[in-house]
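Q:
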Amino acid sequence: MSEAAARVVAEQFEELYGAAPQGVWAAPGRVNLIGEHTDYNDGFVMPFALPHTTVAAVSRRDDGVLRLHSADVDGGVVELRLDALEPESDQGWTAYPSGVVWALVQAGHPVTGADIHLTSTVPAGAGLSSSAALEVVVALALNDLYDLGLKGWQLARLCQRGENVYVGAPVGIMDQTAAACCTAGHALFLDTRDLSQRQIPFDLAAEGMRLLVVDTQVKHEHSTGEYGKRRVGCEKGAALLGVDALRDIPYAELDAALDRLGDDEEVRRLVRHVVTEDERVERVVSLLESGETRAIGPVLTEGHASLRDDFRISCPELDLVVDTALSAGALGARMTGGGFGGSAIVLAEVTDVDTVTKAVEEAFAAAGFTAPRVFEAVPSAGARRVR
Numbered sequence: 455m456s457e458a459a460a461r462v463v464a465e466q467f468e469e470l471y472g473a474a475p476q477g478v479w480a481a482p483g484r485v486n487l488i489g490e491h492t493d494y495n496d497g498f499v500m501p502f503a504l505p506h507t508t509v510a511a512v513s514r515r516d517d518g519v520l521r522l523h524s525a526d527v528d529g530g531v532v533e534l535r536l537d538a539l540e541p542e543s544d545q546g547w548t549a550y551p552s553g554v555v556w557a558l559v560q561a562g563h564p565v566t567g568a569d570i571h572l573t574s575t576v577p578a579g580a581g582l583s584s585s586a587a588l589e590v591v592v593a594l595a596l597n598d599l600y601d602l603g604l605k606g607w608q609l610a611r612l613c614q615r616g617e618n619v620y621v622g623a624p625v626g627i628m629d630q631t632a633a634a635c636c637t638a639g640h641a642l643f644l645d646t647r648d649l650s651q652r653q654i655p656f657d658l659a660a661e662g663m664r665l666l667v668v669d670t671q672v673k674h675e676h677s678t679g680e681y682g683k684r685r686v687g688c689e690k691g692a693a694l695l696g697v698d699a700l701r702d703i704p705y706a707e708l709d710a711a712l713d714r715l716g717d718d719e720e721v722r723r724l725v726r727h728v729v730t731e732d733e734r735v736e737r738v739v740s741l742l743e744s745g746e747t748r749a750i751g752p753v754l755t756e757g758h759a760s761l762r763d764d765f766r767i768s769c770p771e772l773d774l775v776v777d778t779a780l781s782a783g784a785l786g787a788r789m790t791g792g793g794f795g796g797s798a799i800v801l802a803e804v805t806d807v808d809t810v811t812k813a814v815e816e817a818f819a820a821a822g823f824t825a826p827r828v829f830e831a832v833p834s835a836g837a838r839r840v841r
């Protein structure tokens, strides 16, 4: 983000709290290139950071008080006491930053309060991890202000715990790790079991391609029941197959594993998606590392079919994006994020971007859907201090 934008956030903080902030930090939203609903199955994912960020101006306090304000939400400053923070006590936006503070305190870190002012350009509810960006920017700011010395992956773990336990949303580790650890010009190949990472060069512009994000404007909510049902079903499948997580089922042994599940069709579908999706992540990594970038397009499209038919988390708007983009010449397309709305991604030649965009917009208008928001996804930097 620009120095001018950081200065504006700092000035807003001073107007709210009567003194300049001790610093300004930013954390990005993310697009997941491939690897959907594999993270809570100990599998592989491949996100990259967006240029869209959540920005926080922050100062520490020493009186056990947490004050929160967002420029994007109606209402004044919310004041909370650290010793009164209780899991699932807050159903509003403040649960995400206060959950991070709760997780830090619960882990024994000497956080004694903060004044925080936030603003964001990450579209909320679009499957681009606006909540993880919010969590990670607060965690990084407190890590710096309190000299906690935590690494990016450790901050991600604490943010995940805050969202799982304090907010009550059963999310995996991918989104927080992406916000904390991604680097510009790369996709992050992450093993969610041991959190080992590889930065995979991903510079589409240099090869004459673009990756578009199509925000369908259909909002989704992770902490509602359907996401949780899928997670429980995956855990049931792992238990029935006698493994710690579905990641432990080799792709070559998938058919035998499905036979062992018998006639439990729901679990069979969930298992098939996770095992094949892990294989798709590894295929995309191999293609990118061997310079065959265009060949990832069909793999992305395979992933959408699996999410639509096996995991059953697509929706008419997402399917329309994918079908229309492919008909208009896109190299590949799929839904991205938790599902039931949110965004799709489209890989296209730069010469086809306008044609694909126009086709999708016209298809939405013809179907009577809300007009989508289409923008280019540029692999960007992870969380950092900006002022």
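Per the numbering used here, residue 455 is the first one in the sequence shown, and the count goes up by one each step. We put the beta carbon where it would ideally sit given N, CA and C, even for glycine. Values in this document were obtained by computation on a predicted structure and should not be read as measured data.
Could you work out which residue in Gly477, Ala759, Ser585, Thr809 is closest to Ile789 when comparing CA atoms only?
A: In the sequence on display, residue 789 carries Met and not Ile. Selected option, being the one with the closest Cα: Ala759.
Q: Are Phe643 and Val728 touching if we call contact CB-CB under 7 Å?
A: Not in contact: Phe643 and Val728 (Cβ atoms no closer than 7 Å).
Q: Would Val621 and Gly483 be called neighbours here (beta carbons separated by less than 7 Å)?
A: No, Cβ-Cβ distance for Val621 and Gly483 is not below 7 Å.
Q: Go to Val738, then tell me how far its alpha helix (DSSP H) extends in each direction, as first and last residue.
A: 719-743 is the span of the alpha helix (DSSP H), which, as asked, contains Val738.
Q: In this structure, how does DSSP classify Leu658 when only helix, strand and coil are distinguished?
A: Here Leu658 sits in coil by DSSP.
Q: In the DSSP output, which residue or residues are listed as bridge partners for Gln651?
A: Partner(s): Leu644.
Q: Going by Cα to Cα distance, which pick from Leu666, Val531, Leu694, Asp764 is closest to Val804?
A: The shortest Cα separation from Val804 among Leu666, Val531, Leu694, Asp764 belongs to Leu666.
Q: Take Leu694 and list the residues in its own chain whose beta-carbon comes closer than 8 Å to its own, dropping the five residues that flank it on each side.
A: Counting only Cβ-Cβ distances below 8 Å, and skipping sequence neighbours, we find Arg714, Leu715, Asp718, Val721.
Q: Residues bridged to Ala460 by DSSP?
A: Its beta-bridge partners do not exist; DSSP assigns none.
Q: My understanding is that Asn597 touches Leu609, with C-beta atoms under 8 Å, so please give their C-beta distance in whole angstroms.
A: Contact holds; Cβ gap of about 6 Å.
Q: For Pro475, which option in Leu712, Gly836, Val462 has the closest C-alpha, if you only look at C-alpha atoms?
A: Among Leu712, Gly836, Val462, the Cα nearest to that of Pro475 belongs to Val462.
Q: Across the region 637-655 and the region 491-510, are there enough close Cβ pairs to call them in contact, namely three or more that are closer than 8 Å?
A: Output reads yes: the region 491-510 touches the region 637-655.
Q: How should Ala632 be labelled, buried or exposed, when 16 other C-beta atoms within 10 angstroms of its C-beta is the threshold for buried?
A: Label assigned to Ala632: buried.
Q: Nearest to Ala459 by CA position, among Val565, Ala480, Leu742, is which residue?
A: The shortest Cα separation from Ala459 among Val565, Ala480, Leu742 belongs to Ala480.
Q: Nearest to Asp517 by alpha carbon, out of Pro505, Glu533, Gly529?
A: The shortest C-alpha separation from Asp517 is found at Glu533.
Q: Could you check whether the region 573-588 touches the region 624-631, counting it as contact only if at least three pairs of C-beta atoms, one from each stretch, sit closer than 8 Å?
A: Result yes; three or more Cβ-Cβ pairs closer than 8 Å.
Q: Among Ser834, Tyr550, Thr809, which has the Cα closest to the Cα of Asn486?
A: Minimum Cα distance to Asn486 is reached at Ser834.
Q: Is the beta carbon of Gly822 sitting closer than 7 Å to the one on Gly786?
A: Taking 7 Å as the Cβ cut-off, Gly822 and Gly786 do not qualify as a contacting pair.
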